[in-house]
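Student: Got a structure for you, questions after.
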């Protein structure tokens, strides 16, 4: 049986830029893990591709999937559902592949409970005012939506303590590089490493 | 008051090459932490420098330092004392500097108890037979000493589970690079990062 893969979870306040950072990581050729595409009921934004950025589904389809027990995690944000279909993640992990999730903070906490051995990385804004500016610059949300997001972000930053690592998204390249460094280092953590090593030493330890 | 530095502990079975790996790390120009020179009663080997590789002292001097409470950790190996003077480590950490210790496994466990927030890295041999070969190649120890070391090494490898990370010393350059990656990543661990980040956000969170 193959060694089970590592579940890597990137999360952070909405608007912090986790989608951009995740894409930068996956654009690089040394990337060895699989990205788990999320499912959402929110509207597609210009440039987004169905099945690549998200699986874009209707509210009814999403709620059916929840009812079927088919979601590893899901949450409602600003009146839309976001979530991770369970099937793909399990298949990849079982085959020994590492799986990378980029999800909202409420969902990340659901995954933490189900998969405590996962690697949880929180992407933070340099400060809340810059988060606000980013949301304004995006130009796709009205002020009421932005204020809702700001209030949520304050609570989300308090949630940072539920993560293993926190990376400030001051520059996309830097943040992507830091996340890759964390993932590399994490492979040598004793809790992940020791079972294999004992097997490798084999008879010497008897 | 300055933020207290990070205590980095590199340990592993004797003969695994932790001195060589530590030197490689410190030869590199991007190294930013201070090395805490250990104290020992063992004989100086060719090429070693007093005050750089170790503080070489007599058995009587070492035991006087223990009696004075001046050792962060110490242990007896193959009839010699090895240990870390406390004063230097505390001064550096208090001034915000990271301190790097390269010490024996028994000593590392003493430090773990006193400084649980430290970063503990275990250097492992690719396998025990290679450890044996390395000890033979060193050409400075007789077979009885080597057998004593081998038996001890088996127990030490079992101790790996008391460390945060384990790095296989298959090649010195690779091992040094992995240790540097771990130290980099560890700076973004939430338990080290969150207090500073909260301070930085300041009024925004009130």
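Chains as they are written, first to last, in my numbering: chain A, 476 to 681; chain B, 476 to 681.
Quick reminder that beta carbons are idealized off the backbone N, C-alpha and C, glycines included.
From a predicted model like this one, the values you see are computed outputs, not experimental measurements.
(1) Taking only runs that begin and end inside the stretch 492-544 of chain B, name each unbroken beta strand (DSSP E) of 3 or more residues, in chain order.
(2) Give a yes or no on whether the C-beta atoms belonging to residue 584/A and residue 637/A are separated by under 8 angstroms.
(3) Leaving out the 5 sequence neighbours to the left and right, which residues in its chain are closer than 6 angstroms to residue 484/A when beta-carbon positions are compared?
(4) When burial is assigned at 16 or more other CB atoms within 10 Å of the CB, is residue 509/B buried or exposed?
(5) If you measure from the beta carbon of residue 638/B to each beta carbon in chain A, is any gap under 8 angstroms?
(6) Can you find a CB in chain A that lies within less than 8 angstroms of the CB of residue 516/B?
(7) Measuring only the C-alpha atoms, how far is residue 502/B from residue 546/A?
(8) Is there at least one Cβ from chain A nearer than 8 angstroms to residue 481/B's Cβ?
(9) Would you call the stretch 637-650 of chain B in contact with the stretch 525-535 of chain B, where contact means no fewer than 3 C-beta pairs closer than 8 angstroms?
(10) Between 515/B, 519/B, 661/B, 569/B, which has its C-alpha nearest residue 534/B's C-alpha?
(11) Mind checking residue 578/B: buried by the 16 CB within 10 Å criterion, or exposed?
(12) Taking residue 577/A as part of the beta strand (DSSP E), name the residues at either end of that continuous run.
(13) Give me whichever residues DSSP pairs with residue 560/A in a beta bridge.
(14) What span of residues does the beta strand (DSSP E) with residue 484/B cover, start to end?
(15) If residue 519/B sits next to residue 531/B, beta carbons under 8 angstroms apart, how far is it from one beta carbon to the other, in whole angstroms?
(16) What in chain A is Cβ-close to residue 664/B, meaning under 7 angstroms?
(17) Please state whether the Cβ-Cβ distance between residue 478/A and residue 571/A is less than 8 angstroms.
Tutor: In brief:
(1) 513-515, 529-531
(2) yes
(3) 576, 583, 586, 593, 595
(4) buried
(5) yes
(6) no
(7) 50 angstroms
(8) no
(9) no
(10) 515/B
(11) buried
(12) 574-577
(13) 546/A
(14) 482-486
(15) 5 angstroms
(16) 639, 640
(17) yes
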